[in-house]
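In the numbering used here, the protein residues as written are 57 to 144.
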């Protein structure tokens, strides 16, 4: 949750039909009642790079602490859990 009407949404998917790797993306959403609107798309925020991830990142779970983003995720066909930490 960013504030009373905005949230950071993280999701995993293939960038396009030809993509073989599943990436993690982010966007800011504005919520007013039952209406949801995309305010800003950030695009890919994490791509599979480590061997254990096996080209596959899923189930992102973001947490903010001390002004940093901690992003937990499943990798390697959900056989492992990774943690990515933002620099700022």
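We treat Cβ as the ideally placed atom computed from N, Cα and C, and that holds for glycine.
{"query": "The region 100-110 / the region 119-135 touching (three or more Cβ pairs under 8 Å)", "result": "yes"}
{"query": "CA-to-CA distance, residue 82 to residue 70, given in whole angstroms", "result": "13 Å"}
{"query": "Exposure of residue 66, with buried meaning 16 or more beta-carbon neighbours within 10 Å", "result": "buried"}
{"query": "DSSP-derived helix/strand/coil call for residue 109", "result": "helix"}
{"query": "Beta-carbon proximity list for residue 95, same chain, < 8 Å, skipping 5 on both sides", "result": "62, 83, 84, 85 and 86"}
{"query": "Nearest-angstrom Cβ-Cβ length linking residue 113 and residue 79, presumed shorter than 8 Å", "result": "6 Å"}
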